[in-house]
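There are 2 protein chains.
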Amino acid sequence: MQNRVKNADFAAKIMDADAAAALVPNGALVGFSGFVGAGAPIHLPLAIAKRAEALHAQGKEYKIGALTGASTDPHLDGDLAKANAVSFRSPFMTDRDMRGAINTNETEYMDVHLSSLAQQVEAGFFGEMDFAIIEILGIKEDGSLIPSTSIGNNQNWLNYAKKVILEVNCAQPESLEGIHDVACLPKVPFREPINIKRPSDRIGTPYMKVDPSKVVAVVVGESKDRVNSFTPLDEVSIAIGDNVVKFLQKEEAEGRLPKGKLLPLQSGIGNVANAVLAGLERAGYKGLSCYTEVIQDGLLALIKAGVVTEVSSASLSLSPEAIEDFRENIEFYKKHIVLRPQEFSNHPEVIRRLGIIGMNGMLEADIYGNVNSTNTMGTQMMNGIGGSGDFARNGYISIFVTPSTAKGGDISAIVPFVAHVNHTEHDTMVIATEYGYADLRGKSPRQRAAEMIKIAHPDYRPMLQAYFDEACKGENGKPAGHTPHILSKALSWHDKYNKTGSMK
Amino acid sequence: MQNRVKNADFAAKIMDADAAAALVPNGALVGFSGFVGAGAPIHLPLAIAKRAEALHAQGKEYKIGALTGASTDPHLDGDLAKANAVSFRSPFMTDRDMRGAINTNETEYMDVHLSSLAQQVEAGFFGEMDFAIIEILGIKEDGSLIPSTSIGNNQNWLNYAKKVILEVNCAQPESLEGIHDVACLPKVPFREPINIKRPSDRIGTPYMKVDPSKVVAVVVGESKDRVNSFTPLDEVSIAIGDNVVKFLQKEEAEGRLPKGKLLPLQSGIGNVANAVLAGLERAGYKGLSCYTEVIQDGLLALIKAGVVTEVSSASLSLSPEAIEDFRENIEFYKKHIVLRPQEFSNHPEVIRRLGIIGMNGMLEADIYGNVNSTNTMGTQMMNGIGGSGDFARNGYISIFVTPSTAKGGDISAIVPFVAHVNHTEHDTMVIATEYGYADLRGKSPRQRAAEMIKIAHPDYRPMLQAYFDEACKGENGKPAGHTPHILSKALSWHDKYNKTGSMK
């Protein structure tokens, strides 16, 4: 094992994960590192899960509250959920077992904008934070901490927590040192502006700091981020990506976006986001910039190809293959990438100032452009809102993307009335499926409905049109109003799916 | 009539309102001044309405698009709506006739955050702006324009419009000169931070500017803002105000708000907002600050009493009595008040930085804390979202207030599922009725439901509890999920009201 703990005070606190986990009592509120699968501790959560299982076997209570940056490694959310060891969880998560615990109410879950959680914790809205458990890449002679593949809320948790456990991960390259820009928002009132005027601007230092007297344990180990390998793009994703690119090119041609450079891009996670990026490359763009939350394999390839040359991100969520490429070309990538805390990567102030083109996935939208990003059939939590609200509300242009159907066609992504709202009509500008894009800008609800029905799957278009036409007649002799609906049928598509397995 | 047009070039363009209105063609997109009843032109819209009626009588088409700051004088929205002269309207409005035109779809209406409209117009999302029709208090020798009782989007419209008509209002005191802080956000990309760090900070100049070659007419007249007189507070409003103050005092006592000073306050319009302010006065606060959209009579009284000493606002919406007091003590008030464009009064950057306590009215909330501010029974537009989204999303604490019932008890303000969503669960922290406050911070949906049911009217609490209990059992053998609902019953309260006239 390499020596990554170069400060003697910290080295004196090295212990194994089980001993460190024993320090975390039942009922503790813990702030973990981790953002979109990157930079989450692994050994500590695993040891806590084992401890919880042992205590539960003895009939004893043991559950902790778990706050993170965003989604974590399966060993964090997954192992803790399987051990039924989490009483409360916030914000974003993508793990199957954690999702199950939330939907069966074994774990209380609160879905918070990624930009907002740290301030709300500092304000005391979640009670006192007992522990911070933070993955780092190393500790320098002077006690500075080298952040891992994400910063998330780490500096905040290090500041707020009463006790700190550091997990030093020797499997990630120490040469990441210098890529990070660590800062922390001051408390209200009388704060200064955030001096980020373009994605590459730096306002902090490459290191995190912690009061050494709070550090109760340092655990040294090796763990790779568990990010899935890049899967080849399917036809539907490619078509959606092409529709987004078509829209952006039209905006450019008509003078509403700067020629050849667009504006800084934010793109969410997953295949459709990758397809949009690939579409931009095919369209011949060079020298674009990103102010985004996550660098996945697709974006890394675009940096290499010179399509994107300036990237601010909250995390490096790379597959094992991509991380090898990153390691080999690290000095090249460090010239183009800044990794930031999520308070800054997602801050409304910076997003609004820069004029971001925000692109995010969704579950469903209704005919008036309200978007559900989180709750299937209105009740079952999928992953959480993540940073989509930060970007959709504050972006210069906010785009949502989705395949027009799910479950082999039994679910339409365009419905009369969404069963849950995360993004309102006020915050959605363009919605794209494989059938085209709906341009909702400058349009009233009725004008929006025409756009939305157009991009639905052909099987569902007549049903949507029939609902809209009936709604426009009004009910009970009253005018249909500004946003026509038939309340007794508004949620009937979802109800039918629950009862029959299909919206058809 | 006083001589308020001191520049010869502008004086040469003086004409009567009918002649000026004749310059505005059918189909024009017009940017008007006006924000919460303050500073809207009156003579021009009236003349345009007369012209529309005359043309309609001849079987000719005549409609314009109307963008404003926020709500206007009844002579603007009201007369234009009565003449069926508006094809498209955005953003906030409160006039009965305009509301009628929107709900019968004679006028297409788009509901936009007050902070966002100007940028979206500049970006070209609404097409080209043909005319700006802006009320001012006077024109100085050098051609500078003295703004009226609101700035709204005026400087933006003056910049964007191809032609400009100025309406000089001699009925408002010219001594307002100097109270305004006029600025305009630059275009993307590479914008600078907004240098407002406390409510009284100034970043612009007291005057608006316009390219004189674009000015096609100057109309001089007199018109008072038509703001209703202050009505005495009713018992329910007082009780709601007291509950909000109780909450704020608890936050202070427990160290989550600065002692004695709170944080800068934003309070929406109407009786409940006034009741909260009155409650703060009764509680003995002194030297508070406001970063808000509107100064109504209640706030003016608090400035006089020293309860509030530093106010940033987008408008002065005062009743005839209050405007007399303002006129008599204008030098005093000018020391305490800055009037800003709505791009700045409502900017997410500034709101988030300052750490605002946002307080806004609403129509209904559901048991999970989603809020409907705009559409009664989901379909009928009331007034629009206004600035409530800007403040609720970005505030340090966001509070919504409402009486627990409407229509003599037949409508519950707390429902199983809101029929329209303007503010999601992610953006609502505290909801107050006359029965108490629901503290939703740091809570999961199920934990929120317990809080929300508590503040409903006692008549509706058992019905809400029964819905929630049934929903928690799950449907069709599936777990109830993160946000329990019975989809077939979720909107049944609204449907019942539509059919029977009562939710009971």
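The listed protein sequences correspond, in order, to chains A and B.
Residue numbers for the first sequence, in this note's numbering: 1 to 504.
Residue numbers for the second sequence, in this note's numbering: 505 to 1008.
Beta carbons: idealized from backbone N, C-alpha and C, even for Gly.
Q. Comparing alpha-carbon positions, which option in G543/B, E756/B, R945/B lies nearest N673/B?
A. Stepping through the second sequence from its first residue, residue 673/B is reached at position 169. The shortest C-alpha separation from N673/B is found at G543/B.
Q.
For the beta strand (DSSP E) containing D870/B, name the first residue and the last one.
A. Taking the second sequence and counting its residues from 1, the one referred to as residue 870/B is at position 366. 868–870 is the extent of the beta strand (DSSP E) around D870/B.
**Q.** Closer than 8 Å at the beta carbon, the chain A residues around G628/B
**A.** Start at 1 with the first residue of the second sequence, and residue 628/B comes out as number 124. Within 8 Å Cβ-Cβ: E254, G255, R256.
Q) Under 8 Å between C-beta atoms, does V616/B make it to chain A? A) For the purposes of this step, residue 616/B is taken as the residue at position 112 of the second sequence. It does: the Cβ of V616/B has a partner Cβ on chain A nearer than 8 Å.
Q | Span separating the alpha-carbon of R603/B from that of E612/B | A | As a position in the second sequence, residue 603/B is number 99, starting the count at 1. As a position in the second sequence, residue 612/B is number 108, starting the count at 1. Whole-angstrom Cα-Cα distance: 11 Å.
Q. Roughly how far, in whole angstroms, is the beta-carbon of P45/A from the beta-carbon of A70/A, given that I think they are within contact range, below 8 Å?
A. Here residue 45/A refers to the residue found at position 45 when the first sequence is read from its first residue. Here residue 70/A refers to the residue found at position 70 when the first sequence is read from its first residue. No, P45/A and A70/A are not in contact; Cβ-Cβ is about 15 Å, not under 8 Å.
Q. Residues of chain B with CB under 9 Å from G481/A, in chain order?
A. One-based indexing of the first sequence puts residue 481/A at position 481. What G481/A touches in chain B: I606, N607, T608, N609, N879, T880, M881, G882, T883, Q884, M885.
Q: Name the two residues that bound the continuous alpha helix (DSSP H) containing F391/A.
A: Position 391 of the first sequence, counted from the first residue, corresponds to residue 391/A. Run containing F391/A: 388–394, per the alpha helix (DSSP H) assignment.
Q | Beta carbon proximity, S444/A to chain B, threshold 8 Å | A | Within the first sequence, the letter at position 444 stands for residue 444/A. At least one chain B Cβ lies under 8 Å of S444/A.
Q. How about N775/B: is its C-beta nearer than 8 Å to some C-beta of chain A?
A. Taking the second sequence and counting its residues from 1, one reaches residue 775/B at position 271. No - not a single Cβ of chain A is within 8 Å of the one on N775/B.
(Q) Under 8 Å, Cβ to Cβ, is there at least one residue of chain A near Y939/B? (A) Against the second sequence, residue 939/B aligns to sequence position 435. By this cut-off, Y939/B is not an interface position.
**Q.** Alpha carbon of L137/A to alpha carbon of F88/A, nearest angstrom
**A.** Start at 1 with the first residue of the first sequence, and residue 137/A comes out as number 137. Start at 1 with the first residue of the first sequence, and residue 88/A comes out as number 88. One C-alpha to the other measures close to 28 Å.
Q | Contacts that Q951/B makes with chain A (C-beta to C-beta distance below 7 Å) | A | To locate residue 951/B, count along the second sequence from 1; it is residue 447. Chain A residues near Q951/B: E108.
Q: Grab me the residues of G893/B's own chain with a C-beta within less than 6 Å of its C-beta, minus the 5 sequence neighbours each way, in chain order.
A: To locate residue 893/B, count along the second sequence from 1; it is residue 389. Cβ within range, chain order: H617.
Q. By DSSP, does P824/B sit in helix, in strand, or in coil?
A. The residue given as residue 824/B occupies position 320 in the second sequence. It is helical.
Q: Taking C-beta pairs closer than 7 Å, name the residues in chain A that F924/B reaches, listed in chain order.
A: Counting from one through the second sequence, the residue named residue 924/B turns up at place 420. Strictly speaking, residue 924/B in this sequence is His, with Phe absent from that position. Result: T483.
Q. Is the region 380–398 of chain A touching the region 936–947 of chain B in the sense that three or more CB pairs, one from each, lie closer than 8 Å?
A. no
Q. Are the beta-carbon atoms of S223/A and A171/A separated by less than 8 Å?
A. In the first sequence, the residue the question calls residue 223/A occupies position 223. In the first sequence, the residue the question calls residue 171/A occupies position 171. Yes, they are a contact pair.
Q. Does V188/A get closer than 8 Å to chain B when you measure Cβ to Cβ?
A. To locate residue 188/A, count along the first sequence from 1; it is residue 188. Chain B, which has a Cβ nearer than 8 Å to the Cβ of V188/A, makes this yes.
(Q) Taking only three categories from DSSP, how would you classify Q676/B? (A) For this step, residue 676/B is matched to residue 172 along the second sequence. In the structure shown, Q676/B sits in coil (DSSP, three-state: anything other than H, G, I, E or B).
Q) Candidates V210/A, G270/A, K261/A: which alpha carbon is nearest T231/A's? A) For the purposes of this step, residue 231/A is identified with residue 231 of the first sequence, where counting begins at 1. Nearest of V210/A, G270/A, K261/A to T231/A, Cα basis: G270/A.
Q) Using the C-alpha atoms, what's the distance from I957/B back to K947/B? A) As a first step, residue 947/B must be located in the second sequence, where it is residue number 443. As a first step, residue 957/B must be located in the second sequence, where it is residue number 453. Going from the Cα of K947/B to the Cα of I957/B covers about 14 Å.
Q: Please determine if the region 409–421 of chain A and the region 490–499 of chain A are in contact, where contact requires at least 3 C-beta pairs separated by less than 8 Å.
A: yes
Q) Would you call the region 572–589 of chain B and the region 849–862 of chain B touching, i.e. three or more CB-CB distances under 8 Å? A) no
Q: Please go through the region 909–960 of chain B and give each complete alpha helix (DSSP H) segment of 4 or more residues, from N-terminal end onward.
A: 949–959
Q. Is N1002/B helix, strand or coil when you go by DSSP?
A. Translated into positions along the second sequence, residue 1002/B becomes position 498. N1002/B: helix per DSSP, three-state reduction.
Q) Would you say G535/B reaches chain A, if we count a Cβ-Cβ gap shorter than 8 Å as a contact? A) Here the question's residue 535/B lines up with position 31 in the second sequence. Cβ-Cβ to chain A under 8 Å: no for G535/B.
Q) Would H998/B count as contacting chain A if we go by Cβ distances under 8 Å? A) Working through the second sequence from its first residue, we reach residue 998/B at position 494. Yes, H998/B lies at the interface with chain A (some Cβ there is under 8 Å from its Cβ).
Q) Which bits of chain B does L263/A rub up against, with CB to CB less than 7 Å? A) Sequence index remark: in the first sequence, residue 263/A carries index 263 (1-based). In chain order: V692, P693.
Q) At a CB-CB cut-off below 8 Å, which residues of chain A make contact with E797/B? A) Along the second sequence, read from residue 1 onward, the residue named residue 797/B stands at position 293. Those do not exist, as E797/B stays about 16 Å from chain A at its closest Cβ, beyond 8 Å.
Q.
Once DSSP output is grouped into helix, strand and coil, what is the label at I351/A?
A. By one-based count along the first sequence, residue 351/A stands at place 351. If DSSP states are grouped into helix, strand and coil, I351/A belongs with the helices.
Q | Range of the contiguous alpha helix (DSSP H) that encloses N243/A | A | Taking the first residue of the first sequence as position 1, residue 243/A is located at position 243. Residues 235–253.
Q.
Among G152/A, S144/A, A123/A, I64/A, whose alpha-carbon lies nearest the alpha-carbon of S317/A?
A. In the first sequence, counting from the first residue as 1, residue 317/A sits at position 317. The option with the nearest alpha carbon to S317/A is G152/A.
Q) In whole angstroms, what separates the C-alpha of M597/B from that of L571/B? A) Position 93 of the second sequence holds residue 597/B. Position 67 of the second sequence holds residue 571/B. Answer to the nearest angstrom: the Cα atoms are 10 Å apart.
Q. For H56/A versus A17/A, is the C-beta spacing smaller than 8 Å?
A. Taking the first residue of the first sequence as position 1, residue 56/A is located at position 56. Taking the first residue of the first sequence as position 1, residue 17/A is located at position 17. No, they are not a contact pair.
Q. Do the region 799–810 of chain B and the region 836–855 of chain B touch if we need at least three Cβ pairs shorter than 8 Å?
A. yes
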